[in-house]
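Peer 1:
In my numbering, the protein residues as written are 1 to 300.
So this is what it looks like as structure tokens:
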């Protein structure tokens, strides 16, 4: 099997000074990519600033003969990060939205600042970076984007209302960009990784963290970003050497007559049918999701 190479490709990775981002950066560089290492160098909660995290990754890549440049801007200044890629390498091919912070608190203790900071880094930061890159990707009719969600966003998690909101929001953004980017050969996919990082070191037990190596997530990212990959709008859970695809599932539901008023009692009577996943289906897009409703209206 031939190696998946990225020669002449330029890859921008946010939060690449540690953890998953660093693992992605080292592997893309090893495969020939020129890499922009973006990291503000703040804490896991979004405080502080330190240039050394990104600089050290660049030094490591350079020491092995690769090409990389450090960028220390906040992801909320995504246009500056893209400018850095263009100024140093002249193009942009792959955008990996990886940067993130945590401000975990039970919802009744959560402040507006906790909410806004998590939103700004995860959602607004990914928007700013992707939006700045988008015109260049469209013009060259090529691009690969990765968004990073989490189990908290997909399933919910106590004390992470802000984080879960942001992470599921990123998947919604990715789904729409996959639709808009398709005709321009811009593929957009989402990963939900589980790996040892600054964001999980206080959540998962130490012995488990040692097994959840970031290097076991990166190969999926490489696969999704390669020229040969053609699937878009995917959602993939990955960690500890396991990779799986995830999709929405919906019951067949029950259609009530639209020629008479609908009551809560009627829905109560059919509740076991409405919530029965025995013969579930899997809408893949908006029109497919709407089909059941239109059929019930007699416009199938």
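In this text, a Cβ means the ideal position worked out from N, Cα and C, and glycines have one as well.
Scan the segment 152–193 and note each continuous alpha helix (DSSP H) run of 4 residues or more that stays entirely inside, going in chain order.
Peer 2: List check, alpha helix (DSSP H) in window: 161–181.
Peer 1: According to the Cβ coordinates, are residue 99 and residue 75 closer than 8 Å?
Peer 2: Here residue 99 refers to the residue found at position 99 when the chain shown is read from its first residue. Here residue 75 refers to the residue found at position 75 when the chain shown is read from its first residue. Yes. Within cutoff.
Peer 1: On the CB-based measure, 16 or more other CB atoms within 10 Å of its CB, does residue 34 come out buried or exposed?
Peer 2: Here residue 34 is taken as the residue at index 34 of the chain shown, counted from 1. Looking at its Cβ environment, which holds 16 or more other Cβ atoms inside 10 Å, residue 34 is buried.
Peer 1: In three-state terms, what does DSSP make of residue 235?
Peer 2: Translated into the one-based positions of the chain shown, residue 235 becomes position 235. Residue state, collapsed to three classes: strand.
Peer 1: Using the Cα positions of residue 5 and residue 256, report the straight-line distance between them to the nearest angstrom.
Peer 2: Locating residue 5 in the chain shown gives position 5, counting from the first residue. Locating residue 256 in the chain shown gives position 256, counting from the first residue. Taking the straight line from one Cα to the other gives about 55 Å.
Peer 1: Is residue 14 helix, strand or coil when you go by DSSP?
Peer 2: Locating residue 14 in the chain shown gives position 14, counting from the first residue. Note: residue 14 maps to strand in three-state DSSP.
Peer 1: Per DSSP, which residues does residue 118 bridge with? Please list them.
Peer 2: Within the chain shown, residue 118 is the residue found at index 118, counting from 1. Partner(s): none; residue 118 has no beta bridge.
Peer 1: Can you give the Cα-Cα distance for residue 364 and residue 46, rounded to whole angstroms?
Peer 2: The displayed coordinates of the chain run from 1 to 300. Any statement about residue 364 would go beyond what the structure contains.
Peer 1: Mind pulling the beta strand (DSSP E) runs of 3 or more residues that sit fully within the segment 241–265?
Peer 2: 242–245
Peer 1: Looking at the strands, I want to know which residues DSSP matches up with residue 67.
Peer 2: Residue mapping note: residue 67 aligns to position 67 of the chain shown, counting from 1. BP columns for residue 67 point to 34.
Peer 1: With distances taken Cα to Cα, identify the nearest neighbour of residue 37 among 25, 44, 31.
Peer 2: Counting from one through the chain shown, the residue named residue 37 turns up at place 37. Residue 37 has its Cα closest to that of 25, out of 25, 44, 31.
Peer 1: How about residue 132 and residue 79: do their beta carbons lie closer than 8 Å?
Peer 2: Translated into the one-based positions of the chain shown, residue 132 becomes position 132. Translated into the one-based positions of the chain shown, residue 79 becomes position 79. Cβ atoms of residue 132 and residue 79: closer than 8 Å.
Peer 1: Following the continuous alpha helix (DSSP H) through residue 362, name the residue where it begins and the one where it ends.
Peer 2: Missing from the structure shown is residue 362; the chain here goes from 1 to 300 and no further.
Peer 1: Could you give the residue range of the beta strand (DSSP E) that holds residue 143?
Peer 2: Looking up residue 143 in the chain shown gives position 143. Residue 143 -> beta strand (DSSP E) spans 143–148.
Peer 1: Tell me, which residues are paired with residue 105 by DSSP?
Peer 2: Here residue 105 refers to the residue found at position 105 of the chain shown. BP columns for residue 105 point to 160.
Peer 1: Near residue 183, what residues of its chain come up, given a Cβ to Cβ distance below 8 Å and the 5 sequence neighbours on each side ignored?
Peer 2: Mapped onto the chain shown, residue 183 falls at position 183. Counting only residues of its own chain and dropping the five nearest sequence neighbours on each side, residue 183 has no CB closer than 8 Å to any other CB.
Peer 1: Using CA coordinates, which residue listed in 57, 169, 158, 191 is at the minimum distance from residue 108?
Peer 2: Counting from one through the chain shown, the residue named residue 108 turns up at place 108. Taking only the C-alpha atoms, the option nearest residue 108 is 158.
Peer 1: Per DSSP, what are the beta-bridge partners of residue 217 in this structure?
Peer 2: Here the question's residue 217 lines up with position 217 in the chain shown. Note: residue 217 is not bridge-paired with any residue in the DSSP secondary-structure output.
Peer 1: Specify the secondary structure class of residue 296 as computed by DSSP and reduced to three states.
Peer 2: Locating residue 296 in the chain shown gives position 296, counting from the first residue. Residue 296: helix per DSSP, three-state reduction.
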